[in-house]
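>
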Amino acid sequence: MYTTSHILSHSPVATVTAMAEQVLQHYPTDAVTIISGPRVAMVQLRMQESVANSVFNAGEILVTETRLELNGTFGFGMIIGNDPTFATALAVIDAALRLPGDPHADLHTTINDLGDQLSTSQQRQFAAANSTKVEFDVF
Amino acid sequence: MGYIAARGGTTAIINAEQLVEYLRLQGGSTPLELIQIRDQLRHAVGRAMNEGALYAPMLAALAVKQAEGDSIEASFLLRAYRSTLSRIMPTLPISGEAMRCMRRISASFKDIPGGQMLGPSQDYQIRLLDNLIASETAASVTAVLAAYEQLVDAGMSADGAIGYFPKVADYMRQQQMIAQLPAEPDTSEPYDITRTAISFPCPRSARLQSLAQGDTGCLLTYAYSSVRGYGDAHPTLAELRFGYLPIQVAHPLTGEAITIGEISATECEIVSKAHSVAAKQNTPRFNLGYGFTFGHGEVKAISMAILDSVLTQAKAKGLSGESGPAANEEFVLLHSDGIEASGFTAHYKLPHYVTFEADLKVLDRAREHTTTQSQTRLQEIATRTQEASA
Chain X
3 MYTTSHILSH SPVATVTAMA EQVLQHYPTD AVTIISGPRV AMVQLRMQES VANSVFNAGE
63 ILVTETRLEL NGTFGFGMII GNDPTFATAL AVIDAALRLP GDPHADLHTT INDLGDQLST
123 SQQRQFAAAN STKVEFDVF
Chain B
628 MGYIAARGGT TAIINAEQLV EYLRLQGGST PLELIQIRDQ LRHAVGRAMN EGALYAPMLA
688 ALAVKQAEGD SIEASFLLRA YRSTLSRIMP TLPISGEAMR CMRRISASFK DIPGGQMLGP
748 SQDYQIRLLD NLIASETAAS VTAVLAAYEQ LVDAGMSADG AIGYFPKVAD YMRQQQMIAQ
808 LPAEPDTSEP YDITRTAISF PCPRSARLQS LAQGDTGCLL TYAYSSVRGY GDAHPTLAEL
868 RFGYLPIQVA HPLTGEAITI GEISATECEI VSKAHSVAAK QNTPRFNLGY GFTFGHGEVK
928 AISMAILDSV LTQAKAKGLS GESGPAANEE FVLLHSDGIE ASGFTAHYKL PHYVTFEADL
988 KVLDRAREHT TTQSQTRLQE IATRTQEASA
């Protein structure tokens, strides 16, 4: 249901950081090259409005971004908010999942588990809202 | 009394700033924590974000604290901070249909696909001050959190739903109730008023961006004026939704969509009751207006949607009767930015000694001129009186 980036960006930073550290244990320190960041910057929100289905700029969103290479493979991490650790961990995982031969396939199990937790959490959140479902009577 | 140009005042200014801090803390109360402001003053935080045009809840909480709750000052602080940041990229376009809804209502149709949820709303409460909130304790907070669990149990569905709903506007479009907007010049990129000063007539994307960062009170006033009689708006709420929007950007290497988190947002469509932008040429249809805000800002989203609808119809010359100031796009968009308006108004507090000195000189010359004319007239009267006596 969810993509990997959707799951990771909605997961606790401590969990994602632990996953990244688990990846880094397999490499010497110089296997990671920071290309840029982590830096706090903005992305411009493009909304598709529902009247003419046109796109407009609805404002900026504060993000933190990291770009790096892990063993020569590019990794990109971006997260809403000011969180350099989160962005860097996402970049490490992004690169790890792109490495030739999929040496970190074990991450998929953890990501699937996180996806299940996210699904449960969002179902509960919606259930609370759903308890306010209303049927208005007409006179 | 002399009026002269001035400079300096540094010590007084520094002391004045210290006095502000003293007034904030003089009562000896515990300093507010940002997370308290973010969580418990979410409407103030949301307003600072959408008028500051920067989604950053913790920074907005800081702005609200620093501004001592002054909403325009808080949004000013946030927008000023925004100018120090670089923009990396745009997000991928996102529709409100992707929102995980916590609230979704319609005043147009009783039964909408998926049903209506009141969600977190104070709309139906009696406006009485709640003394229980004034005396909250850890135990009362625990009780509220426990009651939440009961809501979860009451609303849990077996289908694993998380709050995705179709748009009421899409249903109305399918039923051919909605007028097509007049075609605009095709541009690949939406207008960006942060890069190019707005000029008129402006494209729809410029209008919506401008309204989205407009002052809530100002948009409310303009929209209300049009509804109340100084205009031609007859709005009905097609749909109002509040919830969480996932945000995606393109991966810089592969181009695939990457989710970077979600934001809270409010979206609204307003349907006009009796008009169509194309009514003169085609079958009469309703006109829609669109509103969007960061956070939970329903009054602003509704006001924005009303103004969008009015401005669209005014542009297409589809209004009947008095159009009113809210139908003047240039007037509305150039005066609805609270930060610009308050900045301009507040600048009158700063020294204007040189310009006022010029005004004084003009006043002196005018007085001299008046005195001279008066003396001349008196002399004429005296001369005529003397001649008559002789």
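Chains X and B supply the protein sequences, listed in that same order. Residue 3 is where the first sequence starts when you use the working numbering, and the numbers rise one by one after that. Residue 628 is where the second sequence starts when you use the working numbering, and the numbers rise one by one after that. Beta carbons are placed, not taken as given, at the ideal position from N, Cα and C, and that holds for glycine. Keep in mind the model is a prediction, meaning the values are calculated, not measured.
With 9 Å as the limit, tell me which residues of the segment 954-985 of chain B have their beta carbon closer than that to any beta carbon of chain X; keep them in chain order.
none
> Could you tell me the alpha carbon to alpha carbon distance between X:Val42 and X:Phe88, rounded to whole angstroms?
12 Å
> Is the Cβ of B:Pro720 closer than 8 Å to any Cβ of chain X?
yes
> Expressed to the nearest angstrom, what Euclidean distance is found between the alpha-carbon atoms of B:Met628 and B:Arg665?
Summary for B:Met628: the model assigns pLDDT 46, below 50, so the residue's position carries little reliability; its value from the coordinates is reported in the next sentence. Straight-line Cα distance between these residues: approximately 50 Å.
> Cβ atoms of X:Leu92 and X:Gly79: under 8 Å apart, would you say?
yes
> Checking the sheet assignment: what are the DSSP bridge partners for B:Thr711?
In the DSSP output, where bridge partners are listed per residue, B:Thr711 has none listed.
> Please identify the residue among X:Pro14, X:Pro30 and X:Ile113 whose C-alpha is closest to the C-alpha of X:Glu71.
X:Pro30
> Can the beta-carbon of B:Ile739 be found closer than 8 Å to that of B:Leu872?
no
> When you compare the CB of B:Leu778 with every CB in chain X, is at least one pair closer than 8 Å?
Chain X, which has a Cβ nearer than 8 Å to the Cβ of B:Leu778, makes this yes.
> With DSSP collapsed to three states, give me the class of X:Gly39.
X:Gly39: strand per DSSP, three-state reduction.
> Whole-angstrom Cβ separation of B:Arg834 and B:Asp935, contact assumed at under 8 Å?
7 Å
> If I follow the unbroken beta strand (DSSP E) through X:Met144, where does it start and stop?
Outside the shown range of chain X (3 to 141) lies residue 144 of chain X, about which nothing can therefore be said.
> Assuming B:Leu838 and B:Met931 are in contact, meaning their beta carbons sit under 8 Å apart, how far apart are those beta carbons, in whole angstroms?
5 Å
> Compare the C-beta of X:Phe141 with all C-beta atoms of chain B and state if any pair is closer than 8 Å.
no
> Cα-Cα, which of B:Ala806, B:Tyr818 and B:Val937 is closest to B:Tyr857?
Looking only at B:Ala806, B:Tyr818 and B:Val937, the smallest Cα-Cα distance to B:Tyr857 is reached by B:Val937.
> Excluding the 5 residues flanking B:Arg727 on each side, which residues of the same chain have their C-beta closer than 6 Å to its C-beta?
Ile789, Gly790, Gly870 and Tyr871
> With burial defined as no fewer than 16 other Cβ atoms inside 10 Å of the residue's Cβ, what is the status of B:Ile641: buried or exposed?
exposed
> Pull up the CB-CB distance for B:Pro879 and X:Arg48, whole angstroms please, since I reckon it's below 8 Å.
The Cβ separation is near 17 Å, so there is no contact.
> Measure the beta-carbon distance from X:Val21 to X:Leu109 and round it to whole angstroms, keeping in mind my assumption that it falls under 8 Å.
According to the sequence displayed, residue 21 of chain X carries Met and not Val. Confirmed, about 6 Å.
> What three-state label does DSSP hand B:Leu646 in the structure shown?
Three-state result, B:Leu646: helix.
> Tell me which residue opens and which closes the beta strand (DSSP E) that X:Phe141 is part of.
Taken as a continuous stretch (DSSP letters only), X:Phe141 belongs to no beta strand (DSSP E), as it is neither H nor E.
> Tell me, please, whether the CB atom of X:His106 is closer than 8 Å to any CB atom in chain B?
no
> Write down every uninterrupted run of the alpha helix (DSSP H) in the segment 764-813 of chain B whose length is 4 residues or greater and which is fully enclosed by it, in chain order.
765-782 and 795-801
> Flag this pair as yes or no: are the beta carbons of X:Gly77 and X:Ile9 separated by less than 8 Å?
Taking 8 Å as the Cβ cut-off, X:Gly77 and X:Ile9 do not qualify as a contacting pair.
> Going by DSSP, what residue range makes up the beta strand (DSSP E) through B:Met1030?
A question about residue 1030 of chain B goes unanswered here, because the residues of chain B that appear run from 628 up to 1017.
> Is any beta-carbon of chain X found at less than 8 Å from that of B:Met729?
yes
> Going by Cα to Cα distance, which pick from B:Ala884, B:Ala928 and B:Ile1008 is closest to B:Leu864?
B:Ala928
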